[in-house]
Amino acid sequence: MPEPEYVWLPREQFLHFEELSVLVDVFLTLGVDKVRLTGGEPLLRRDLPELVALLATKPGLRELALTTNGVLLEDFAEPLFSAGLHRVSVSLDTLRRERFVALTRRDDLERVRGGICAAQRAGRARGAGPLKLDCVVIRGTNDDEIAALLEYGREVGAEVRFIEYMDVGGATRWSMARVVSRGEILERIEARYGRIEPVPETSSAPAERFALKDGTTFGIIASTTAPFCSSCDRSRLTADGLWYGCLYARNGTDLREPLRKGAAPAELSALVAQTWRSRADRGAEERLRLAAPERARLLVAPTELRTDPHLEMHTRGG
Ligand code: SF4
């Protein structure tokens with residue numbers, strides 16, 4: 528959760544589902560083939576299955592995925608998969624109730640676990656892609672739960688992805704000392720479970736995948752110590768229509784305004800294509816090159832976060 532004095536994006540500025548559908552069409556015609564609905568928390572839009580149904584059958588869409596905190600997933604899993612959702616990732620950083628409350632400011636761990644099981648059942652019944660659990664590893668917060676999370680993933684039939692803690696906007700307590708690197712995560716898992724084999728990955732997914740001797744697979748996203756900006760092909764659209772080329776980007780391109788002023792799909796395509804061609808985002812790599820004192824400075828000050836929620840990562844799916 529963000530700092531307590533968080534400013535919400537004004538709801539009346541959110542794109543309607545039909546507008547999102549038009550924009551997804553624009554991106555699909557330009558070659559995008561994978562869409563992820565994320566947040567913030569996408570299940571707060573109670574009629575989300577309607578959006579899934581609108582998007583799922585679009586020609587050219589190879590994958591429609593959802594990332595959620597899992598709190599409302601128990602009720603939504605069945606309608607979402609019935610509407611055509613292809614796969615779900617659940618953010619889960621701890622299995623300990625008191626830590627969960629401290630991290631999320633909600634006592635909902637059991638609801639999340641219920642949601643994970645419901646998603647597993649509903650997804651399996653419809654041949655959906657494997658469930659993933661995303662865990663940001665933070666030293667002194669949850670880094671003693673790497674094995675427990677791995678085993679929980681195995682128990683519920685989900686693949687855990689350990690994500691290095693990033694110094695993005697809104698990470699107001701970040702420090703390099705709290706980052707548990709890819710190398711350290713692997714060392715710890717190897718020390719406990721023995722030899723780890725890399726699993727060849729052909730997709731553009733950011734996670735490197737590995738397997739334990741018993742076949743359990745897991746992923747690591749080394750976004751802080753080994754960023755993958757040079758091969759990053761992702762972009763992000765906020766709920767109110769700002770389009771960002773990078774998690775770290777200060778400015779986005781407003782797609783809502785031209786859309787609402789009646790721009791034709793071809794005009795929106797031209798705007799997106801032209802902006803993408805000039806994209807030079809390398810946010811995480813640039814942060815990595817900074818000297819330690821500079822890096823220790825927050826990317827975005829809390830005062831700025833309070834005045835512009837777009838600078839918070841969860842408004843752009845981070
Ligand atoms: S920091 Fe930006 S450019 Fe680099 S991988 Fe992340 S989103 Fe892509």
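Start counting at 1 in the sequence shown, then tack on 527, and there's your number in this note's numbering.
A virtual CB, placed ideally from N, CA and C, is assigned to each residue, including glycine.
Using 8 Å for Cβ pairs, my map puts residue i next to residue j. What's the rounded Cβ distance?
{"i": "Ile690", "j": "Ser758", "result": "Rounded, the Cβ-Cβ distance is 17 Å, inconsistent with contact."}
{"i": "Ala766", "j": "Leu536", "result": "6 Å"}
{"i": "Phe544", "j": "Leu578", "result": "5 Å"}
{"i": "Val553", "j": "Ser805", "result": "Not confirmed; about 17 Å, so no contact."}
{"i": "His613", "j": "Glu590", "result": "5 Å"}
{"i": "Leu550", "j": "Leu815", "result": "That pair is no contact at about 32 Å."}
{"i": "Arg736", "j": "Ala674", "result": "That pair is no contact at about 18 Å."}
With which residues is residue i paired in a DSSP beta bridge?
{"i": "Leu581", "result": "According to DSSP, Leu581 bridges with nothing at all."}
{"i": "Phe541", "result": "None, per the DSSP bridge assignment."}
{"i": "Arg563", "result": "Ala592"}
If I follow the unbroken alpha helix (DSSP H) through residue i, where does it start and stop?
{"i": "Leu550", "result": "Phe544 to Thr556"}
{"i": "Pro785", "result": "Arg783 to Arg787"}
{"i": "Leu815", "result": "Gly810 to Arg816"}
{"i": "Ile643", "result": "Leu636 to Ala652"}
{"i": "Pro606", "result": "Leu600 to Ser609"}
{"i": "Leu832", "result": "Pro829 to Thr834"}
{"i": "Thr668", "result": "That residue, Thr668, is in no alpha helix (DSSP H); it is neither H nor E in DSSP."}
Does DSSP classify residue i as helix, strand or coil?
{"i": "Leu774", "result": "coil"}
{"i": "Phe755", "result": "coil"}
{"i": "Asp661", "result": "strand"}
{"i": "Ile723", "result": "coil"}
{"i": "Leu588", "result": "coil"}
{"i": "Ala736", "result": "The question names Ala, but residue 736 in the sequence shown is Arg. Residue state, collapsed to three classes: strand."}
{"i": "Gly680", "result": "helix"}
{"i": "Gly779", "result": "coil"}
{"i": "Arg623", "result": "coil"}
{"i": "Arg804", "result": "helix"}
{"i": "Thr744", "result": "strand"}
Classify residue i: buried if its beta carbon has 16 or more other beta carbons within 10 angstroms, exposed otherwise.
{"i": "Asn669", "result": "buried"}
{"i": "Leu600", "result": "buried"}
{"i": "Gln801", "result": "exposed"}
{"i": "Glu717", "result": "exposed"}
{"i": "Pro792", "result": "exposed"}
Consider the C-beta atom of residue i and the heavy atoms of the ligand NAD; say whether any pair is separated by less than 7 Å.
{"i": "Phe755", "result": "What this structure holds is the ligand SF4, not the ligand NAD."}
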